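One structure below.
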Amino acid sequence: MSVTQQSILGFMRDQLKKTFQIPDDQIEPTTTFGELELDSLALAELAVLLGEELGVTVTEDGITAETTLAEFAGEVEALVAPAGAAQ
Numbered sequence: 000m001s002v003t004q005q006s007i008l009g010f011m012r013d014q015l016k017k018t019f020q021i022p023d024d025q026i027e028p029t030t031t032f033g034e035l036e037l038d039s040l041a042l043a044e045l046a047v048l049l050g051e052e053l054g055v056t057v058t059e060d061g062i063t064a065e066t067t068l069a070e071f072a073g074e075v076e077a078l079v080a081p082a083g084a085a086q
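See the structure below:
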């Protein structure tokens with residue numbers, strides 16, 4: 000399975016809508032977590048959901064209110080690449 004930043008963004012979009020009831024029109028790659036008003040517990044839950052989906056350990060460490068969805072997806076993609084290379 001090839002995991003790209005786009006596929007991670009798609010998964011995050013789905014989870015933000017389904018789990019956190021965030022309207023689709025508020026979710027863009029340039030949207031920050033601060034703009035979504037997600038608290039640290041919500042960020043931790045999103046990280047767990049991503050980790051379960053991708054089979055890697057994802058944490059919310061380093062995410063600030065200014066972090067965009069695209070930046071976070073890029074960090075997650077970097078975690079997946081080494082895990083995939085080890086298989």
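Using numbering that gives the first Met the number 0, the first residue of the sequence shown is number 0, and each one after it goes up by one.
Every residue gets a Cβ at the ideal spot worked out from N, C-alpha and C, and that includes glycine.
Small disclaimer: the values here were computed from a predicted structure and weren't measured.
Given a cut-off of 8 Å, decide if L68 and P28 are closer than it, judged by their beta-carbon atoms.
Position 29 of the sequence shown, counting from 1, holds the residue named residue 28. Position 69 of the sequence shown, counting from 1, holds the residue named residue 68. Yes, the pair counts as a contact, with Cβ atoms nearer than the cut-off.
With distances taken between CB atoms, is the gap from L45 to Q20 smaller than 8 Å?
Sequence index remark: in the sequence shown, residue 45 carries index 46 (1-based). Sequence index remark: in the sequence shown, residue 20 carries index 21 (1-based). No; because the gap between Cβ atoms is not below 8 Å, this pair is not in contact.
For L35 and R12, what's the separation of their Cα atoms in angstroms?
Here residue 35 refers to the residue found at position 36 of the sequence shown. Here residue 12 refers to the residue found at position 13 of the sequence shown. If you take the alpha carbons of L35 and R12, they lie about 12 Å apart.
Anyone know if the C-beta pair for V55 and L78 falls short of 8 Å?
Translated into the one-based positions of the sequence shown, residue 55 becomes position 56. Translated into the one-based positions of the sequence shown, residue 78 becomes position 79. Yes, they are a contact pair.
Contact check, A64 vs T31 under 8 Å by CB: the rounded distance?
As a working mapping, residue 64 is identified with position 65 in the sequence shown. As a working mapping, residue 31 is identified with position 32 in the sequence shown. Indeed they touch by this definition, with Cβ atoms about 6 Å apart.
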